[in-house]
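Q: When we follow this note's numbering, the leftmost residue of the sequence shown carries the number 1, and every step to the right adds one. Every residue gets a Cβ at the ideal spot worked out from N, C-alpha and C, and that includes glycine.
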Amino acid sequence: MPLALLALAIGAFGIGTTEFVIMGLLPEVASDYGVSIPTAGYLVTGYALGVMFGAPLMTVLGTRVPRKRMLMLLMGLFIVGNLLSALAPAFAVMLIGRVIASLAHGAFFGIGSVVAADLVAPHKKAGAIAMMFTGLTVANVVGVPLGTLVGQAAGWRVTFAVVAALGFVGLLGVAGLVPDVPRAEGVRLRHELAAFKNVQVLLAMAMTVLGFGGVFAAITYIAPMMTRVAGFADGSVTWLLVLFGLGMVGGNLVGGRFADRALMPMLYISLGALSVVLALFTLTAHDKVASAVTLFLIGALGFATVPPLQKRVLDHAHGAPTLASAVNIGAFNLGNALSAWLGGVVIAAGLGYTAPNWVGAVLAAAALVLAVVSATLERRGSAPRGVAAGSVPAEQRSAAVHH
C-alpha cells in the first residue's frame, strides 16, 4: 500500500475522533450548558446533517481545485470548527462549531476514497479504501477513549482543543505525503451528477443511510445506556468506547478484504447480523458482560459494511466518482442524524435508554432488504438502464455496463 494512504488515514483519525468523542461526553456537555441529554444529542444530529449537506457542497466547490490542495483546505476548515467548539460560550455556538467542522468531513472522505482507489490496482481498491478508513476506526480505539478520559478529567473543552491539534497533524500529513494528483480532465459537473441517475448508486446510498444509521441509533446514547442501564461507572465509558473501536477496526479490515472478493454476500451477512445484534442489545444492555460483547459486535458488523458500500458507489459511478463518493459519505451521516433523532424521540417518549436499539435493528433490517433488491435488479440487467443515454460520454456508459 502506498505511503500516501497513511496521510489519508491520519486525517481520517482526526475526523473520526471529533465525530465520535461527543458520544462519551454528552452527559458532561449537557450538564455544562444546562440542557437535557436528548437536546445534547443535537450535537450529533447537527454534525451529521453538516456532513450530509457539506459533502456535495464542498466537493462541487472543489471541482476546479487539485485534489491534494482541496484535502488541505478541508483539514483547515476542520481545525477552525473544532477550535470554535472548544471555546463556545453557549450551546448554540458549540453547535455551530460542530457544523463547521462537519463541512470538511464528507468531502475529505469522498475525495480521499477516490485518491486512495486511484493509488492501487483495481483488485485492491476496496482494501485501499479500508486502509484510509482505518484512521477513522483507530480513532475509536485511541482518539475517542483518550478524548473522553481527558474530557472527564480536565473538561470537554480541552478535548476539542486537542482534536483541533490532531487536525493540524493531519494537515501536515496530507501536505507531506499525498502526491500532487491533477484534477481529472474531461469530467464536468454534469458527468458527476449523471451518476445519480443510476439506480444502483441510489440503492447503495440508501443502504448506507439505513445500515449505518442502525449503528448510530445505539451508539449516540451509549454513555447513558451503559451507566444508567448496564450499571457501569462513568469512568468505564472510556474502555467501553475502546471495545467498540476495536470492533470497528476489525470489521473495517474484514469488510475491505472480502468486499474485493464477494461484495454483496459481505453486505448480506453484515447487515443481517447487525439487525439481530441490535435487537438483542435491548436485552443484553442490562448485563455488564453481555452489553460489552454486544457493543464490540455492533462496531465490527457496522463497519464491515463501510468498504463494500463505498466501493459499490465507486463502481457504479465509474468515470465520474468524486461527487457520488462524497455524497455517500454524507449518506452515512444522514443515517447518523436520522437515527440520533429517532433515538432521542423514543427516549423522550419514556421508552427507556434501550429503546434506540430497536430503532437501529429496524433500520439495519431495511438496509438488508434494499441489498437484496439491488442484487436482484443487477442480476436482471436493470442497473445499466438506470443511466440515461447520452448523460455521460460513451466510454463511461460502457464502463458502467461492465460494472
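By Cβ distance below 7 Å, which residues in the same chain neighbour residue 303 in space, the five residues on each side in sequence not counted?
A: If we look at residue 303 and ignore the five residues flanking it on each side, its Cβ neighbours are 137, 248, 251, 252 and 255.
Q: Kindly indicate which three-state DSSP category residue 373 falls into: helix, strand or coil?
A: In the structure shown, residue 373 sits in a helix (DSSP, three-state: H, G or I).
Q: Counting only the same chain and skipping the five closest in sequence on each side, list residues whose C-beta sits under 7 Å from that of residue 228.
A: 353, listed in sequence order.
Q: Can the beta-carbon of residue 115 be found closer than 7 Å to that of residue 190?
A: No. Outside cutoff.
Q: Any contact of the stretch 33-45 with the stretch 211-230, i.e. 3+ C-beta pairs under 8 Å?
A: Yes, the stretch 33-45 touches the stretch 211-230.
Q: Please report how far the alpha carbon of residue 243 lies from the alpha carbon of residue 296, in whole angstroms.
A: Approximately 6 Å between the Cα atoms of the pair.
Q: Within 10 angstroms of the Cβ of residue 106, are there 16 or more other Cβ atoms? Answer buried if so, exposed if not.
A: Buried, by the Cβ-count rule.
Q: When the Cβ atoms of the stretch 231-242 are set against those of the stretch 351-370, are three or more pairs found closer than 8 Å?
A: The stretch 231-242 is not in contact with the stretch 351-370.
Q: Suppose you measure from the CA of residue 125 to the CA of residue 265; what does that come to, to the nearest Å?
A: Spanning the two alpha carbons is a distance of roughly 18 Å.
Q: Quick one: grab the DSSP three-state call for residue 286.
A: Coil.
Q: If I'm right that residue 71 touches residue 178 with Cβ under 8 Å, what's the distance once you round it to whole angstroms?
A: That belief holds up - the Cβ atoms of residue 71 and residue 178 are roughly 6 Å apart, short of 8 Å.
Q: Report the rounded CA-to-CA distance for residue 166 versus residue 128, giving the unit in angstroms.
A: Looking at the two C-alpha atoms, the distance is approximately 22 Å.
Q: Distance, Cα to Cα, residue 5 vs residue 132?
A: Looking at the two C-alpha atoms, the distance is approximately 6 Å.
Q: Could you check whether residue 50 and residue 99 sit closer than 7 Å to each other, using their CB atoms as the reference points?
A: Their beta carbons are under 7 Å apart, which means residue 99 touches residue 50 by this criterion.
Q: Got a sec? Which residues, its chain only, sit under 7 Å from residue 10 by beta carbon, not counting five neighbours each side?
A: The residues are 135, 169, 170 and 173.
Q: Roughly how many angstroms lie between the CA atoms of residue 282 and residue 21, to the nearest whole one?
A: The straight-line gap from Cα to Cα measures roughly 23 Å.
Q: Could you check what DSSP says for residue 45 in three-state terms: helix, strand or coil?
A: Residue state, collapsed to three classes: helix.
Q: In whole angstroms, what is the alpha-carbon distance linking residue 366 and residue 112?
A: Taking the straight line from one Cα to the other gives about 28 Å.
Q: How long is the line joining the alpha carbons of residue 361 and residue 339, rounded to whole angstroms?
A: Each residue's alpha carbon lies about 11 Å from the other.
Q: For residue 376, count the other beta carbons within 10 Å of its own beta carbon; 16 or more makes it buried, fewer makes it exposed. Which is it?
A: The residue in question, residue 376, is exposed, as its Cβ has fewer than 16 Cβ neighbours within 10 Å.
Q: Give me the Cβ distance between residue 55 and residue 335, rounded to the nearest whole Å; I'm assuming they're in contact under 8 Å.
A: That pair is no contact at about 13 Å.
Q: Would you check if the distance between the CB atom of residue 17 and the CB atom of residue 147 is smaller than 7 Å?
A: Against a cut-off of 7 Å, the Cβ pair of residue 147 and residue 17 comes out as a contact.
Q: Please look up how many angstroms separate the CB atoms of residue 217 and residue 363, rounded, as I've assumed it's under 8 Å.
A: That belief holds up - the Cβ atoms of residue 217 and residue 363 are roughly 6 Å apart, short of 8 Å.
Q: Is residue 208 near residue 91, with beta carbons less than 7 Å apart?
A: No, these two residues do not count as a Cβ contact at 7 Å.
Q: For residue 299, which residues from the same chain have a beta carbon less than 6 Å from its beta carbon, with the 5 sequence-adjacent residues on both sides left out?
A: Closer than 6 Å at Cβ, skipping near neighbours: 244, 247 and 248.
Q: Give me the Cα-Cα distance between residue 210 and residue 274, rounded to the nearest whole angstrom.
A: If I take the Cα positions, the gap works out to 11 Å.
Q: Run through the stretch 245-286 for me and flag every whole alpha helix (DSSP H) of 4 or more residues, listed as ranges in chain order.
A: Within the stretch 245-286, the complete alpha helix (DSSP H) runs of at least 4 residues are 263-284.
Q: Can you give me the C-alpha to C-alpha distance between residue 316 and residue 200, rounded to a whole angstrom?
A: Roughly 7 Å between the two C-alpha positions.
Q: Check each candidate in 3, 27 and 47 and name the one with the smallest Cα separation from residue 234.
A: Checked all of 3, 27 and 47; the closest Cα to residue 234 is 27.
Q: Would you mind sorting residue 267 into buried or exposed? The rule is 16 or more other CB atoms within 10 Å of its CB.
A: When all chains shown are included, residue 267 counts as buried.
Q: CA-CA distance, residue 236 and residue 288?
A: Going by the C-alpha atoms only, they are around 11 Å apart.
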